[in-house]
Structures are given as C-alpha cells and as structure tokens.
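Taking it in order: structure first as structure tokens, then the write-up.
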Amino acid sequence: MISPRYHREIPQRYRLEAGRCADCGEIHFPPRAVCRKCGARESTTVVLPNRGKVVTCTVVDIPPAEFDDQKPYVNAIVELENGVRLTCMVAEAPPDAVDIGTEVELIFRRLRCGREWEVLQYGYKARVV
Amino acid sequence: MRDVAVIGMGITKFGELWRSPLRDLHAEAVADCLADAGIERRQVQSAWIGCMSSGLFNGQEHLASILTDYAGLAGIAATRVESACASGGAAFRAAWLEVASGASDYVLATGVEKMNDGADATYCLSTAADQEYEVYHGVTFPGLYAMIAKAHMHKWGTTREQLADVAVKNHRHGALNPKAQFPQEITRATVLGAVMVASPLGLFDCSPVSDGAAAVLLAPVEVARALGKPVVRILGSGHATDTIALHDRADVSRIPVVQAAARRAFAMAGVGPRDIDLVEVHDCFTIAELVCLEELGFFEPGKAAAATSAGETALGGRIPVNTSGGLKSKGHPVGATGIAQIAELYEQLTGKAGKRQVKDARRGLAQNMGGSGGSCTVHILEVSR
C-alpha cells in the first residue's frame with residue numbers, strides 16, 4: 150500500500166472519526182461525501198464509542214498471503230454502542246472465546262507489516278471485555 | 002421493447018486449464034455458441050463480455066479488443082462488463098437490453114475468467130469487498146460468507162450437516178455434467194472432514210478456483226421462430242445493488258439484494274416462484290445456496306436447509322436446484338458463471354441436458370451474485386415449442 154492511500158484513512162483507523170450528516174444526523178463510518186439517507190453534502194466529525202457487541206464472527210484459517218503470519222485469527226462484525234457497525238479482527242483471545250453477543254472494546258494495534266517497501270499498517274482491533 | 006430469445010449456447014470445460022490462455026477459452030465458447038445457433042460470424046453485431054478481474058488474474062485489460070479479435074469477430078461493437086462474480090449476469094442483461102431496444106438483432110453475451118495464471122486468487126477475489134474497511138482487516142470471501150452462515154445458524158438453527166448436504170447434492174448433479182471441474186460424488190463425511198477455511202465453512206463448502214468461458218447468443222423472438230427450433234424467451238430480468246460492506250446491512254443472516262433483483266424479474270415476467278421448474282443459484286459457498294433460495298421466495302426464511310436435506314432441491318425433487326452441479330461442482334470461473342447458468346437453463350429448456358434433464362422443464366430461473374451480496378441479477382427464461 151502506498152503512503153498517500155494509507156495516510157488518507159488515518160483519522161478513521163487511528164481515531165475512529167466518523168461523519169454526522171448536518172441535515173438528518175445519520176452517522177457514517179467512514180465519513181461520506183454524500184449522506185446515504187438524505188443526500189445532503191455537509192457533515193461534521195464525530196468520534197465513535199469504542200465499546201460494542203459482536204454481531205457475527207468467523208475464525209479465518211486460510212488468509213490472504215499478507216495475513217499469513219497471524220492465522221488463525223478471528224474476524225467479526227461489531228456493533229458499537231451508538232449502532233454503527235464495522236468489521237475488524239478480535240485480538241488477544243482464543244478463537245472460541247468470541248461468539249455472537251460477546252462484548253468487546255476497540256483497541257489500537259498493528260494490523261500487518263505489508264511488503265518491505267510498504268508502510269507498516271495500523272488500525273483498530275477488538276478485544277473481549 | 003421487443004421480445005428477446007436465446008438462440009444458442011457454448012461452454013468450455015471448467016477446471017485448472019493451465020495450457021489454455023484467456024483468449025482461447027473465450028474463443029472456444031463463442032465458436033461453440035455460433036455453431037449451436039447456426040449463425041455466421043459476420044451476422045454478429047455486438048458482444049457484452051462478463052469478466053471480473055483479468056487485470057489482476059492475467060495482467061490483461063481491454064478485453065473488448067483482444068477477445069473479439071481472437072474470436073474472429075474484430076470489428077464488431079464490444080464492451081467488457083464488471084460486477085464482480087455477477088459480471089456474467091450483468092453482461093447478459095446488457096445484451097438483452099440491446100436486442101430488446103431494437104438497436105441490434107444478433108448480440109453475444111459471454112463470460113470468461115482464467116483464475117489459474119499465477120496470481121493470488123484469494124487476494125484477487127477479495128477486491129470485490131471493501132478494500133479499506135473489510136479486506137484491510139483480514140477479511141476473505143470465505144470469511145464473509147462464514148459470518149453470514151454463523152448468523153443464519155444462530156437465527157434459524159441451520160447446521161453444518163445441512164450445509165454439507167448442499168455440496169453433496171451439487172456434486173451428485175455435477176457428476177452428470179461433462180463440463181464440470183469436479184464431477185465426483187462426495188458424502189457428508191467428505192464435507193465435514195475437510196480442512197477449515199473460515200469456520201463454519203470448510204474446503205468443501207467453498208466453490209473452487211476455476212478457468213472457463215461460456216457464451217450465449219441473443220436475437221429477437223421472430224428470428225428464433227424462423228430458425229425452427231424451440232423458442233427460449235427471456236421472460237424476466239431483474240438487477241439490483243446493495244452496500245458493498247456486509248457490516249452496513251441490517252440483518253447479516255440475509256442477502257437482501259437477491260430478493261430485490263428477484264422481485265423485479267418476477268414482476269416483469271408476471272410469474273412467481275411456483276411457476277418455475279428449475280433454478281440455477283449462485284452457490285459460491287454452501288450457505289449462499291440456502292440463503293438465495295429463501296430470498297428468491299422458493300422457501301420461507303430458515304426453511305431451505307431442511308428442504309435440501311429432504312431432497313426437495315435435487316434432480317427428481319420438487320424444485321431441482323443447480324442441475325449443472327452449481328458453482329461448487331461445475332466450477333466458478335467468476336466472470337463466466339452468470340453466462341454458464343443461462344447456458345444450463347437453455348440446455349434444460351430445449352431438452353438437451355442429457356442425464357441431468359429435468360422432465361418437461363418449461364421455465365427456469367438463474368440468479369447470479371457479486372461479492373457478499375453487493376450486486377445481483379435474476380433472469381427467468383421460458384420455452385415454447
């Protein structure tokens with residue numbers, strides 16, 4: 150991944166910055182140029198809560214090559230306290246400790262090293278509370 | 002709009018075809034299709050080519066040029082259509098619209114993918130999901146469908162054994178299809194004992210990585226009648242999109258885009274699920290076949306699994322599903338899949354499906370899906386003799 154592309158997403162990956170529609174209040178993560186609900190183009194920045202529950206999950210045994218050093222790992226869809234959902238890994242727990250309904254919190258972690266000419270890639274993972 | 006018919010089909014063997022280049026796979030399917038239709042190359046006016054990712058799989062873009070050139074069709078209008086694994090279905094719909102509009106009389110809808118050419122297939126396929134907010138976090142396609150499966154199991158009590166029965170049934174059908182990549186019968190034990198890919202999905206819950214191509218030729222119904230063959234009319238076409246990210250959908254045990262496309266196709270056709278004699282669905286994973294059958298309206302939500310285990314969707318059952326062997330056994334060269342489904346319906350409706358023939362099949366439905374359900378096409382075909 151080249152650094153401009155990586156840099157662009159840092160507010161979301163490091164700080165969980167979302168967009169709140171200035172007209173209808175819909176929250177988008179990541180922020181959007183156009184509100185999916187009302188079509189408005191103005192929005193303000195809000196920070197997502199970092200606690201939530203697992204909506205669904207899986208244990209990935211056969212990952213793409215760049216995640217090979219982390220297998221097996223848990224992927225989950227997490228619904229945060231304000232209803233926003235996102236996809237992430239669940240770290241620091243044996244795979245069978247994660248299920249639908251498991252309470253988690255988002256933490257900052259390195260996600261992958263990338264190839265040798267690439268930037269190190271950081272972001273959020275979940276951890277069982 | 003004019004009524005449109007499918008007047009011929011061609012399909013290559015599906016499999017790991019290391020000696021066949023992308024361009025020749027496509028040319029073989031087109032040549033077989035034109036021979037089947039009894040139409041000369043010079044009569045073809047246009048082609049819509051479904052292909053997901055030749056740029057990543059083969060380093061080759063600009064398929065409109067290279068594939069028409071090598072099919073001996075250089076000069077015609079041609080466009081490559083991409084909608085991930087629904088590329089073939091989207092190409093078919095574009096070809097239908099071109100003939101229906103009156104713009105052209107003979108239009109090819111083709112699909113091709115050569116996935117065994119050195120690229121990391123898991124990575125190439127993952128580009129059909131959200132790169133920054135799903136794939137960045139390690140998500141794979143088996144992983145996305147595994148999360149759908151987990152939610153479906155939680156909500157409806159669907160079991161791994163029931164998922165396995167989808168694969169067993171499709172391999173039984175595929176064993177009757179000479180073009181299938183894996184024409185071997187398997188048992189529940191084979192599926193349940195296979196290595197895990199993304200729990201609860203094991204290797205035999207997943208469709209394979211495949212090379213292959215398929216082509217169908219479309220023409221106005223009057224032209225089809227003049228050929229003196231059974232007329233296979235396109236009765237309904239539905240197309241829909243949804244969010245790319247699975248996490249942005251309210252109920253992750255469902256794939257709502259399928260229902261949206263199906264409603265449009267059924268409304269246009271003026272028929273319902275009870276009027277359909279056979280179905281080709283997008284069983285990229287075993288769970289996908291069950292959820293799609295429910296979204297299409299063939300079963301109530303949560304009921305497709307038990308019906309599958311009871312044999313209702315097998316050849317000879319109430320509503321045969323994936324008589325071709327489906328993506329699981331026939332193979333899944335992604336861009337070719339949507340066209341291969343139409344080719345199967347055409348063979349069935351014209352009574353040329355050999356050992357897998359559904360007796361007196363009159364209407365068939367094909368459902369082709371992109372990504373984790375970000376796009377979908379549904380087509381309904383009807384034969385009159």
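Protein chains in written order, with the working numbering: chain A, 150 to 278; chain B, 2 to 386.
Note that beta-carbon positions come from the ideal geometry of N, C-alpha and C, so glycine has one too.
These numbers were taken from a predicted model, which means no experiment stands behind them.
How would you list, in chain order, the residues of chain B whose beta-carbon sits under 9 Å from the beta-carbon of residue i?
i              : result
A214 (chain A) : D121, T123, Y124
G272 (chain A) : Y137, H138
I249 (chain A) : K151, A152, H155
L260 (chain A) : Y137, H138, G139
Which chain E residues sit within Cβ distance under 9 Å of residue i?
i              : result
A147 (chain B) : Absent here is chain E; the protein component of the structure consists of chains A and B.
Would you say residue i lies against chain A (beta-carbon separation less than 8 Å)?
i              : result
D33 (chain B)  : no
L247 (chain B) : yes
S127 (chain B) : yes
Y134 (chain B) : yes
I'd like to know if residue i contacts chain B, where contact means its C-beta is closer than 8 Å to some C-beta of that chain.
i              : result
C237 (chain A) : yes
E265 (chain A) : no
P153 (chain A) : no
R169 (chain A) : no
R234 (chain A) : yes
E158 (chain A) : yes
So residue i is in the beta strand (DSSP E); what residue range does that whole segment cover?
i              : result
S21 (chain B)  : Note, S21 (chain B): premise wrong, no beta strand (DSSP E); not H, not E.
D212 (chain B) : 212–221
L236 (chain B) : 232–242
G51 (chain B)  : 47–51
K274 (chain A) : 270–277
C377 (chain B) : 376–385
S192 (chain A) : 192–196
G229 (chain B) : It is not in any beta strand (DSSP E) - G229 (chain B) carries neither H nor E in the DSSP assignment.
M197 (chain B) : 197–199
G112 (chain B) : 108–115
E281 (chain B) : 279–281
At what residues does the alpha helix (DSSP H) containing residue i begin and finish?
i              : result
P143 (chain B) : 142–157
V258 (chain B) : 257–270
N171 (chain B) : 161–175
V335 (chain B) : 335–350
W97 (chain B)  : 88–101
A306 (chain B) : 305–310
Q161 (chain A) : 159–164
R390 (chain B) : This structure cannot settle anything about residue 390 (chain B), because the visible part of chain B is limited to 2 through 386.
V247 (chain A) : Element bounds for V247 (chain A): n/a, residue is neither H nor E.
T287 (chain B) : 287–297
L57 (chain B)  : 55–58
A122 (chain B) : 122–127
Any idea what DSSP makes of residue i, helix, strand or coil?
i              : result
G232 (chain A) : coil
S1 (chain B)   : Chain B is shown from 2 up to 386; residue 1 (chain B) falls before or after that span and cannot be answered.
R264 (chain A) : coil
Q182 (chain B) : coil
R319 (chain B) : coil
K356 (chain B) : helix
H248 (chain B) : helix
R363 (chain B) : coil
R169 (chain A) : strand
T207 (chain A) : strand
H63 (chain B)  : coil
G327 (chain B) : helix
T13 (chain B)  : coil
H138 (chain B) : helix
R43 (chain B)  : helix
E215 (chain A) : helix
T314 (chain B) : coil
L74 (chain B)  : coil
Along chain A, which residues have their Cβ under 8 Å away from the Cβ of residue i?
i              : result
V192 (chain B) : Result: empty, since nearest Cβ-Cβ is about 16 Å, beyond 8 Å.
Please list the partners that residue i has in chain A, where partner means a Cβ-to-Cβ separation under 7 Å.
i              : result
V253 (chain B) : V204, T205, I226
G144 (chain B) : T207, V209, N224
- Message: Tell me which residues of the segment 196–217 of chain B have at least one Cβ-Cβ distance to chain A shorter than 7 Å, keeping chain order.
- Response: Residues of the segment 196–217 of chain B whose Cβ lies closer than 7 Å to any Cβ of chain A, in chain order: M197, V198, A199, S200.
- Task: Note down, in chain order, all residues in the segment 175–209 of chain A with a beta-carbon under 7 Å from any beta-carbon belonging to chain B.
- Result: Contact annotation: in the segment 175–209 of chain A, residues whose CB is within less than 7 Å of a CB in chain B are P179, V204, T205, C206, T207, V208, V209.
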